[in-house]
Amino acid sequence: MAELKMPEINSVVIAGNLTKDPVFRQTNSGGTPVVNFSIACNRRFRDSNHQWQEDVCYVGVVAWNKLAESCRDNLRKSSAVLVDGELQSRTWKAQDGTSRTVVEIKARRIQFLNKRKKNGEEDVEGFIEDESHENHHGQIDDDGHMYEYKYLTSD
7 MAELKMPEIN SVVIAGNLTK DPVFRQTNSG GTPVVNFSIA CNRRFRDSNH QWQEDVCYVG
67 VVAWNKLAES CRDNLRKSSA VLVDGELQSR TWKAQDGTSR TVVEIKARRI QFLNKRKKNG
127 EEDVEGFIED ESHENHHGQI DDDGHMYEYK YLTSD
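So the number in my numbering is just where the residue sits in the sequence shown, counting from 1, plus 6.
Pasting the structure below:
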């Protein structure tokens, strides 16, 4: 009988708000742009007494290349984002000699959810795209406002 193999799936989609300004840097080897930030994602649930409770999950995110540069230019503390990516873990030695490990989301696409001014006109949704990918979308809300958005990708 053939051996069954589990499919290799590693995909995360999460929405939340930045807990502080993103940290942008470039790698020592090659100067590759990279940005790290953390988002807070709220979860509402009913407890055993059927009362609504809220829990907050804090998640680290890392983005590379043009995606990192777009995050640096457009995100600030409390910015709302939708992140599509995969989980990755990394380990390093701390200054005290102990090993530290973190699990974070390596972003493939980031969608900026805050509204921003465009050319001094009315607010529009603030989605910016990595120029290497053209995934434009748009919709009209109940008030007749046009909302345009673009996906940022890491490719």
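Where a beta carbon is used, it is the ideal one built from N, C-alpha and C, also for glycine.
Keep in mind it's a predicted model, so treat the numbers as computed, not measured.
Extent of the continuous alpha helix (DSSP H) to which K26 belongs: Taken as a continuous stretch (DSSP letters only), K26 belongs to no alpha helix (DSSP H), as it is neither H nor E.
Residues near A86 in its chain [Cβ-Cβ closer than 6 angstroms; skip 5 each side]: Leaving aside the five residues that flank A86 on each side, the residues in its chain whose CB is nearer than 6 angstroms to its CB run, in chain order, N23, L119 and N120.
Expected contact under 8 angstroms - CB spacing of N16 and E92 to nearest Å: Contact holds; Cβ gap of about 4 angstroms.
Candidates A21, K112 and V62: closest to N71 by CA position: Checking every option, the nearest Cα to that of N71 belongs to K112.
V18 CB to nearest heavy atom of the ligand GTP below 8 angstroms: You won't find the ligand GTP in this model; it holds no ligand whatsoever.
Backbone CA spacing between S35 and P13 [nearest angstrom]: If you draw a straight line from the Cα of S35 to the Cα of P13, it comes to about 34 angstroms.
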